[in-house]
Structures are given as structure tokens and as C-alpha cells.
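Notes follow once the structure below has been shown.
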């Protein structure tokens, strides 16, 4: 089934990839002069028809060179020698490392702030925030340090009147504390470093997830940095009915026409419009073929599922119908066994062989029923972890039948020297241990050993015989459905059941090949009573 799903996914992917390439081949890879003129007309129409959210002259907003630093992401980086572990809005580390900036041009303002934050002065001088420098060596603006200091600068009215003295990167945090900032500062609070860098470098057009910044052109000698700011949604709405889409240019990505840092591409609808008739027919035909293949594969999946249901139903019916005659035969065998000494010696051997075959048939039926339980449940099995007062006694109850059958010289049981109680599902763990012992006795080489051990983390039930497995045989192979041992009478279900049940118990089934050893390892946390 998994292979069929992979085939469906592959066919669909190839179909759309082929169609896309076919349509792509119909369009030119470079913009013609006519395309460029059409794009320029589109840009002019946009500026004429769409109203900007705001027109911002950054020279008047940040009127001095010092204040313009509040727009530059580089000036939010701490200066060399600044202790970044100190919170300069608090009284931590007062006057620490102050000697390193004693010769700095802005030393006096740094000292005043140190005195204020360390409670050596009760107020700041008039004009402290509106006069340069505006950025502390820590990379924070003095306005933001005051706002964060809990010294009376948290009022929204004070914040709104000093917004132009905060670094732009701090506006997002300020807005989170006081609410909307209003005007252009609400827009600036959303900008990332790449966008801010593009603006201060005077890039003609800057496109973000939320905005389009379009610079107004002035004579170069004036050096005016002024942008129209449009909502990105308004741009997308305008381009919806055009032949083009607009996105940021990215190295290595297909671009029909590069316009500065922007990239214009044909819209998918326009690609269809310029594709010739034969290409469209080919694409639609390809889709029809893909649809037929998908329909065929879905039919195959349905058929496989029905076949699986039929097989499991047949197994269920056989398992159910065999129970009554097997029970009758067991009663007859039990009756014969009580009078075994009355039969001639050769007939005794026949009765013993018949008894072994009937018990074998009973075990096969029981395994089939258990396999169906595993297959039909969403959770595979429903565990009932009940208290087991003695692990040794539990193991011996499982092993007694086989000790009587094979004898203590062929089946050796090594129990825990210090018995423990455990919280386990004795039914399902018993089935697992029975299957491993049966496999070892029937397919392996005697003597068979059952070892129970305990360490700090695991309870281990180990079943081993003197046989060896080939190097290419794996646990996954042996625990696959209907994989038989070297003697063909096995159903191939036993180890599959063991693997599934142990997985459900959050345990581990381990295989060692020389000699052949299966180990059930259960986490003590899940089994300790």
C-alpha cells in the first residue's frame, strides 16, 4: 500500500512539473522593451490611483546627523568595552568600566546618566533627551533607558512626545508596553534591519511583508530622503488584474525583469494566456492521463484492502471452527493418556505422537486468534497490567508444560536469585514467552535455556538454544508476517505477534545470532510493582 501511495504522489508531481515546464517554455526569459514600458506604466498608474498610507520625509523626522543614527541598526550595537551583562536602566554595576569612556566626546552625558541611575542625582538636566548624543554606549537610546528605569518616564504622553528620540528598533517594545504609537512611528515599529538599512541607503523601492516604500525623486544636490509608504495589501490588490507579480529580488531565483532590488514576473494567469493552443491541449491531456492513473491506483488499493480482509476473515473462520473439534480431541487424548499403560507399546507411541500433533494444532489455532486480535485493534492490544506477586513463579508456570514435554536435560530454567513482584500483563507476556520457548524447542538445537535476569534498569527474559543463524538474517525478517523457520510446519505468526506485543509494552525484542537468542527487555519503571 505504501508503494502505491508513493506512485500516486510521484505521478501527480511529475504531471504538474511537466505542465509547468511546458508553459514556462512559451514565455520569453528576458523582458523586451515593450515589457519594460508596460511595467513603468503600471508603476505610474499605481502611484496615481492608490493613496499612500503616509509620506515621510526622514530628513525632517530625524533632522540632524546625530539623530539620524536612531534610524541606523548599526548604532543599536553595544560599543566595544561595554559590559553587556549590566542593565543600564537599573542601578546594577554603578560606575563600572566608566574609565574606559572618560575621554569620549559624550562622557559628560554618560556620567550624568550613571549618577541618575545610581541615585546620585534625583533628576536629569533640562534638554537631556533632545540634545545629542542620543545613544548610550550600551546600544540603547537614553530615552529607552529612562522609559525602562521605572523612574517616572512610563507615561504614554511622555513617550509620544519623545518618540523621535528612541531608536527605531526599540519602538516595537515600547508599543507593546504603552499601546499604539500612531502615525509613521507605528509603521517604523514593524520594520526589520534589512528594511531600515535599505531606507538609510536611499534605495529607490523597498518591499516588506506589510509595506511598499517608494522614494520620491529630487535633484541629487538636495539629498532629500522622502518616501511614499503604501500598504502591501493595496499593492497586491492593484496587481491582481495585471499581467505581473512583484517580489524582492533573490540571487539564484528566476526573475523576468529586475527593477533595483525588486523582481517582476508574469502572473500564472498571464502565462496561460500567452501559451499556444497545443501546449494547453497537451497539459489538459496530461492531466487526464494522470487522473486515469490515479483512478487505477485507487482501485488497486481498494482491491488490496478487500483481499486482505478476505484473508483475515478466512483465518478467523478457520480459527473459530477448529476450536470445537480440537477441544473434543483434547478430551479424547486426555482419556487415552490416563489408560496409556493398558495399550501395547507400539500403540502407546502412536498415541503420544497423536497427542503432540493435537497440542500443536491447538497452539497454531491460539496463535491465529492472537494474530487477529493484533491486526484488528487500532491500539494493537489492550494491556491489563495486573500485579504479579512472583516473576519466578510466572516463568515456571509457562515453562512447566515444556519441561514435562522435553525434560529438564533439554530445557534449562535459570530464575532470579532474588525473586521480585512486577506489574505486568501476564496474558500477553505469557504468550510472548511461550512463542519464544516453542520456537527454540521446535526450530532450534537442544538444550534450550530460559534465563531471567535483573539489572538496575531492565528485566530480561532470555530464551536461547545451541543453533546459529546466518549473518544475513535480521530480526525484521524473522518477525515479518508468515515467515517460517527451517521446519515448514510453523505458521510464521508467532514471532510477528511477539514483536508487536513487546513494542506495545514499550519493551525491546533483541536477537543474537550465535547462539540463537531472543531477549525480551522491559523497562523496570513500567514493570516494577
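Numbering (the working numbering), first residue to last: 502 to 1030. The beta carbon of each residue, even a glycine, is placed where N, CA and C say it ideally should be.
_Could you tell me the alpha carbon to alpha carbon distance between residue 793 and residue 810, rounded to whole angstroms?_
26 Å
*Would residue 656 be called buried (16 or more neighbouring beta carbons within 10 Å of its own) or exposed?*
exposed
*asked:* At the level of alpha carbons, what is the spacing between residue 813 and residue 748?
replied: 57 Å
_Distance between residue 652 and residue 472 (C-alpha atoms, nearest Å)_ = Residue 472 lies beyond the range of the chain shown here (502 to 1030); nothing can be said about it.
*Since residue 729 contacts residue 709 with CB under 8 Å, what's their CB separation in whole angstroms?*
The Cβ separation is near 14 Å, so there is no contact.
*Between the segment 578–597 and the segment 762–770, do at least 3 Cβ pairs fall closer than 8 Å?*
no
*Could you check which residue in 561, 607, 611, 892 has the C-alpha nearest to that of residue 961?*
892
*How is the alpha helix (DSSP H) around residue 903 delimited, first residue to last?*
892–907
*Any idea what DSSP makes of residue 719, helix, strand or coil?*
coil
*asked:* Looking at the strands, I want to know which residues DSSP matches up with residue 1024.
replied: 959
*What are the residues that DSSP puts in a beta bridge with residue 667?*
Per DSSP, none; premise fails for residue 667.
_On the criterion of 16 or more Cβ atoms from any shown chain inside 10 Å, does residue 989 qualify as buried, or is it exposed?_
The pLDDT assigned to residue 989 is 40, lower than 50, so where the model puts this residue is not dependable; a value taken from the coordinates is nonetheless given after this. Exposed, by the Cβ-count rule.
_Only counting the same chain, and skipping five residues up and downstream in sequence, which positions put a Cβ closer than 8 Å to that of residue 613?_
622, 625, 626, 629
*Between the segment 562–577 and the segment 659–677, do at least 3 Cβ pairs fall closer than 8 Å?*
yes
*Go through its chain and collect everything with a Cβ distance to residue 915's Cβ below 6 Å, but skip five positions before and after it.*
952
*What are the boundary residues of the beta strand (DSSP E) that residue 555 is part of?*
555–558
*Quick one: complete alpha helix (DSSP H) runs, 4+ long, within the segment 695–774?*
733–740
*For residue 641 versus residue 664, is the C-beta distance shorter than 8 Å?*
no
*Should residue 646 be listed as close to the ligand GTP, given that the test is whether its C-beta is under 7 Å from any heavy atom?*
The ligand GTP is absent from the structure shown, which contains no ligand whatsoever.
*Residues that DSSP places opposite residue 1018 in a beta bridge*: 965, 1013
*Short check: CB of residue 949 to CB of residue 911, under 8 Å?*
yes
_Pop quiz: residue 1010 and residue 1000 are said to be a contact at Cβ under 8 Å. What is the actual Cβ separation, rounded to whole angstroms?_
5 Å
_C-alpha distance - residue 746 paired with residue 739, whole-angstrom precision_ = 10 Å
_Proximity to residue 680 [Cα-Cα], best of 816, 696, 658_ = 658
*DSSP on residue 620, reduced to helix/strand/coil?*
coil
_Check for me: the alpha helix (DSSP H) holding residue 998 runs from which residue to which?_
995–1005
*asked:* Please state whether the Cβ-Cβ distance between residue 463 and residue 638 is less than 8 Å.
replied: No information on residue 463 is available, as it lies outside the stretch 502 to 1030 that the chain covers here.
*How should residue 618 be labelled, buried or exposed, when 16 other C-beta atoms within 10 angstroms of its C-beta is the threshold for buried?*
buried
*According to the Cβ coordinates, are residue 869 and residue 816 closer than 8 Å?*
yes
*Please classify residue 895: is it buried, with 16 or more other beta-carbons within 10 angstroms of its beta-carbon, or exposed?*
buried
*Where does residue 598 sit, in a helix, a strand or coil, going by DSSP?*
coil
_Assuming contact is defined by CB atoms lying nearer than 8 Å, are residue 532 and residue 758 in contact in what I supplied?_
yes
*Residue(s) in a DSSP beta bridge with residue 913*: 950
*So, helix, strand or coil for residue 631, using DSSP?*
coil
*State yes or no: is the beta carbon of residue 657 nearer than 8 Å to at least one beta carbon in chain D?*
Among the chains in the structure shown there is no chain D, since it carries only a single protein chain.
*Beta-ladder partner(s) of residue 636, from DSSP*: 642
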